[in-house]
Amino acid sequence: MAESADHLSCQEVVELVTEYLDESLSAEDASLFEQHLNFCEGCVWYVDQLRTTVETVGEIREEQIPPEAKERLLGAFRDWRRS
Amino acid sequence: MAPAQAHPRTALSASEEADLVARLRDGDERAFEALVDRHYGTMLAVARGYVRTRAVAEEVVQEAWLGVLNGIDRFEARSSLKTWIMRIVVNIAMTRGEREARSIPFSAFASEKDEPAVDPDRFRDESDGFPGHWRAYPGNWAAAPDDALLSRETLGVVMSAIHELPPAQRVVITMRDVAGCSSDEVCGTLEVSEGNQRVLLHRARSHVRNALERHLDG
Chain A
220 MAESADHLSC QEVVELVTEY LDESLSAEDA SLFEQHLNFC EGCVWYVDQL
270 RTTVETVGEI REEQIPPEAK ERLLGAFRDW RRS
Chain B
2 MAPAQAHPRT ALSASEEADL VARLRDGDER AFEALVDRHY GTMLAVARGY
52 VRTRAVAEEV VQEAWLGVLN GIDRFEARSS LKTWIMRIVV NIAMTRGERE
102 ARSIPFSAFA SEKDEPAVDP DRFRDESDGF PGHWRAYPGN WAAAPDDALL
152 SRETLGVVMS AIHELPPAQR VVITMRDVAG CSSDEVCGTL EVSEGNQRVL
202 LHRARSHVRN ALERHLDG
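So the sequences go chain by chain: A and B.
Okay, so the first sequence: first residue is 220 according to our numbering, each after it adds one.
Okay, so the second sequence: first residue is 2 according to our numbering, each after it adds one.
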């Protein structure tokens, strides 16, 4: 994944964050990724921004079914049960 | 109480799911209602990836529930109940989408041109000492006041950023980060590979981060 074998640039790090957070990087890439974070505060903040982004998206509540749509479904359920 | 009433982000165990399926087959209305409450929002979000309007997406979801009831006796637990339900939504939505001349082959989206997560101008180029490294660091959001991130306004920014996304990215980020689905559930629902799923999620999250950065760092 890395262009040079022994280190990642910041520009490479930002493209690997999703894989890093999903823990789907190879052991080798994960180690390069973490080594980079050890000396680059900018990328530590970037990864933190991505985590914050995911948490903020998680604040969105899913839509609830409108009552009349639910009534229609429960009606369909009773019809199905009778059949 | 019924396992189906657990928070939607908590996946059901195999035995809880088997119990729920048995109750549905027995015609247990409460089990059905709990299942509707649990999955309606995700179903609507998935349907909206394939059809043009909210009204049509609502019809798709209604029709999908009839499909669930008519098919529950044949459900064999080869996938989770949730993924099986979402596949029914996708199949109905795709049929509707074709009729509306808007069918979206989701796998096609992952091969569209690669959009970088961050504007390349933010990194040093070859003429600098450290090509590919930040010109100026991104902001330290941990130092931002909590209420700036959690404000209604910020949530509005995030919601519009998601709304602007291409449909496949929008469905993937909504399933993963709003509905709390696993990557397996997303792949099973949309029939995309693990890698494609991650590319779509990565672009979607990067887009939302960019929008948040513009909002927070002004």
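We put the beta carbon where it would ideally sit given N, CA and C, even for glycine.
As the structure is a prediction and not an experimental result, all values here were calculated from the model.
In terms of beta-carbon proximity, V37 (chain B) lines the interface with chain A, with at least one pair separated by less than 7 Å. When rounded, the separation of the alpha-carbon atoms in R300 (chain A) and L67 (chain B) is 12 Å. Sorting B:R53, B:D122, B:W142 and B:P139 by C-alpha distance to the C-alpha of G133 (chain B) places B:D122 at the top. Close to W142 (chain B), with beta-carbon spacing below 8 Å, are these residues of chain A in chain order: W264, D267, Q268 and T271.
For the 7 Å CB-CB criterion, T272 (chain A) and R171 (chain B) do not form a contact. Against E34 (chain B), the close residues of chain A are K289, L292, L293 and F296, in the order they occur along the chain (beta-carbon pairs closer than 9 Å).
F252 (chain A) sits in a helix when the DSSP states are folded into three classes.
By the Cβ neighbour-count rule, H164 (chain B) is exposed, with fewer than 16 other Cβ atoms within 10 Å of its own. Going by DSSP, V200 (chain B) is part of the alpha helix (DSSP H) stretching over E195 to D218. In this structure, DSSP gives H134 (chain B) a state outside helix and strand, which the three-state scheme calls coil. Within the same chain, Cβ atoms closer than 7 Å to the Cβ of F131 (chain B) are found at R125, the five residues on either side in sequence being excluded.
The shortest C-alpha to C-alpha distance from W264 (chain A) to any of B:A118, B:D218, B:G196 and B:A143 is the one to B:A143. In the three-state reduction of the DSSP assignment, F76 (chain B) falls in the coil class, being assigned neither a helical nor a strand state.
Non-local C-beta neighbours of L82 (chain B) in its own chain, meaning closer than 6 Å and more than five positions away in sequence, comprise E18, ordered along the chain. For A295 (chain A), the closest of B:E34, B:R79, B:A169 and B:D74 by C-alpha to C-alpha distance is B:E34.
DSSP links F124 (chain B) through a beta bridge to B:W135. For the region 225-247 of chain A, residues whose beta-carbon sits nearer than 8 Å to a beta-carbon of chain B comprise S228, C229, Q230, E231, V233, E234, V236, T237, E238, D241 and S243. When Cβ-Cβ separations below 7 Å define contact, G98 (chain B) makes no contact with chain A.
Counting only the Cα atoms, A32 (chain B) lies some 15 Å from E290 (chain A).
Chain order gives the chain A residues near A118 (chain B) as V233, E234 and V236, where near means a beta carbon separation below 8 Å. Nearest Cα to A137 (chain B) within the set A:L240, A:C259, A:A249 and A:E231: A:C259. Just so you know, the alpha carbons of G140 (chain B) and T175 (chain B) end up roughly 26 Å apart. Of all alpha-carbon atoms in A:P286, A:Q283, A:E274 and A:S302, the one lying nearest the alpha-carbon of D178 (chain B) is that of A:E274. Here the C-alpha atom of D74 (chain B) lies approximately 32 Å from the C-alpha atom of R53 (chain B).
The continuous stretches of alpha helix (DSSP H) do not include T54 (chain B), and DSSP gives it neither H nor E.
At a Cβ-Cβ threshold of 7 Å, A169 (chain B) and L201 (chain B) count as neighbours. Contact annotation: V158 (chain B) and A78 (chain B) have beta-carbon atoms that are not nearer than 7 Å. For E247 (chain A), same chain residues with a beta-carbon under 7 Å away, outside a window of 5 residues either side, do not exist. Distance from G189 (chain B) to T84 (chain B) at the Cβ level is roughly 4 Å; contact confirmed, criterion being Cβ atoms closer than 8 Å.
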